[in-house]
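S.K.:
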Amino acid sequence: MKTKLILVPVALIISSIFFLGCFGVDNEFSEIKDDVVSTAGIHFYKDIEFGIGSAGLSFASAVVDISSNDNDAREIIKHISKVQVGVYKNAEKVSRQAAIKILGKIDDKLSSHGWDYIVKSYDGSELSSVYIKNDGESKLWEMFVVNLSDDELTIVDVKGNLEKILSYVIKDRRMGICLNN
3 MKTKLILVPV ALIISSIFFL GCFGVDNEFS EIKDDVVSTA GIHFYKDIEF GIGSAGLSFA
63 SAVVDISSND NDAREIIKHI SKVQVGVYKN AEKVSRQAAI KILGKIDDKL SSHGWDYIVK
123 SYDGSELSSV YIKNDGESKL WEMFVVNLSD DELTIVDVKG NLEKILSYVI KDRRMGICLN
183 N
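Residue numbers for the sequence shown follow the working numbering, so the first one is 3 and each next one is one higher.
1) Measure the C-alpha to C-alpha separation of residue 44 and residue 167 and round it to an integer number of angstroms.
2) Tell me which residue opens and which closes the alpha helix (DSSP H) that residue 30 is part of.
3) Reducing DSSP to helix, strand and coil, say where residue 165 ends up.
4) Kindly indicate which three-state DSSP category residue 173 falls into: helix, strand or coil?
5) What residue range does the beta strand (DSSP E) around residue 123 cover?
6) What do you get for residue 131, buried or exposed, if any count of 16 or more other CB atoms within 10 angstroms of its CB means buried?
7) Specify, as a first and last residue, the run of the alpha helix (DSSP H) that residue 113 falls within.
8) Starting from residue 131, trace the beta strand (DSSP E) both ways and give me its first and last residue.
9) Hey, how far is the Cα of residue 116 from the Cα of residue 156?
10) Taking the beta carbon of residue 93 as the centre, do at least 16 other beta carbons fall within 10 Å, making it buried, or is it exposed?
11) Taking its Cβ as the centre, do 16 or more other Cβ atoms sit within 10 Å of residue 86, making it buried, or is it exposed?
12) Output the distance between the C-alpha atoms of residue 99 and residue 51, rounded to the nearest integer angstrom.
13) Can you check whether the CB of residue 129 is closer than 8 Å to the CB of residue 150?
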C-alpha cells in the first residue's frame with residue numbers, strides 16, 4: 003500500500019513531464035551550437051536551452067484552443083513538430099567587424115551541415131541569419147535562426163512542415179504569392 007502511495011505521485015510527475023514534451027536540445031542542435039560557439043572564438047555562458055516536442059506543441063495548441071479563437075496560431079502549431087531554443091550570454095562584447103567575420107564563419111559551418119541561408123540582417127551591433135534545410139524531397143522542413151548581438155547569442159531551430167506554414171500565412175494574408183503545394 004505504501005509503495006502505491008509513492009508510485010502514483012512519481013508516475014504522475016513523470017507522465018506530466020512526458021506529456022508536456024519539454025526536453026533538452028538534441029544532438030544535432032548541440033553540435034551546431036558547439037560549432038557556432040567554437041567558430042566565434044568567444045566564450046558564451048548558457049542562459050537558457052530547451053526543446054519542445056510534438057506532445058508539448060499539442061499541449062500548446064490545446065491551450066490556444068481554450069484561451070483564444072486564434073485559428074492562425076492553431077493552424078501554424080499543428081504543422082510544427084519540434085522547437086529548440088538556446089540563449090547564450092557573451093563573456094565579452096563583440097565589435098561589428100568581429101561579428102561580421104563570425105557570421106561568415108558560421109555560414110561556412112552551417113553550409114557544411116547542409117543548411118542554406120535565406121536572410122541576413124545587420125543592424126548596428128546585432129546581426130541575424132535565417133537558414134533552411136530541406137527534408138531530402140525538396141520540401142522545406144527545418145529553419146535555423148542565429149542572432150548575435152554584442153551581449154548574447156540566440157539560436158532557434160524549428161522543425162516541421164514549414165512549406166505548409168508559409169503557404170498558409172501567404173494565402174491567409176492574401177499577399178498574392180503562389181507556392182507550389
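Idealized CB from N, CA, C, for every residue including glycine.
None of the values given here were measured: they were computed from a predicted structure.
M.R.: Taking the structure as given:
1) Near 35 Å, if we compare the C-alpha coordinates of residue 167 and residue 44.
2) For residue 30, the enclosing alpha helix (DSSP H) starts and ends at 29-42.
3) Collapsing the DSSP output to three states places residue 165 in a helix.
4) Correct three-state label for residue 173: helix.
5) Unbroken beta strand (DSSP E) run through residue 123: 118-125.
6) Burial state of residue 131 is buried, judged by a 10 Å Cβ sphere holding 16 or more other Cβ atoms.
7) Note, residue 113: alpha helix (DSSP H), 98-114.
8) It spans 128-136 - the beta strand (DSSP E) in which residue 131 sits, taken as one unbroken run.
9) If I take the Cα positions, the gap works out to 20 Å.
10) Residue 93 sits exposed, since fewer than 16 C-beta atoms from the chains shown fall within 10 Å of its C-beta.
11) Flag for residue 86 reads buried.
12) Straight-line spacing of the CA atoms in residue 99 and residue 51 works out to 27 Å.
13) Yes, the pair counts as a contact, with Cβ atoms nearer than the cut-off.
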